[in-house]
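Below is one structure, written out as structure tokens; comments come after it.
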Amino acid sequence: MANTEKTVTVEQIGSPARRPQDQRATLIGLGLNKMHRRSTLKDTPEVRGMINKVQHLVRVVDDNA
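In this text, residue positions in the sequence shown follow the working numbering: the first is 613, and each later residue adds one.
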């Protein structure tokens, strides 16, 4: 069987400087900690919620369905 797992790739476009600690922790949870880094993650409701929480700091690059 082919790997049909959905993934989402996000890129950090904003700096965590002068942001609340929970937003910094969310970026780290997404595997991001420096500008223009990309991270590919499983597309789950939990990950989507994390992306939504820091939507002003990240951008969805690729949304493989």
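For glycine and all other residues, C-beta sits at the position ideal for the given N, C-alpha and C.
Euclidean distance between Cα positions of residue i and residue j
{"i": "Ala629", "j": "Val670", "result": "14 Å"}
{"i": "His648", "j": "Pro657", "result": "24 Å"}
{"i": "Gln624", "j": "Leu639", "result": "8 Å"}
{"i": "Arg631", "j": "Thr621", "result": "22 Å"}
{"i": "Asn664", "j": "Gln635", "result": "11 Å"}
For residue i: DSSP bridge partner residues
{"i": "Glu617", "result": "Paired residues: none, contrary to the question."}
{"i": "Asn676", "result": "Thr619"}
{"i": "Lys654", "result": "Thr619"}
{"i": "Val671", "result": "The sequence shown places Arg at residue 671, not Val. DSSP lists Glu623 as partners of Arg671."}
Assigned secondary structure, residue i (DSSP; H/G/I helix, E/B strand, else coil)
{"i": "Ala637", "result": "helix"}
heavy atom of the ligand MN below 7 Å from residue i C-beta
{"i": "Thr656", "result": "Although the ligand MN was asked about, the structure shown includes no ligands whatsoever."}
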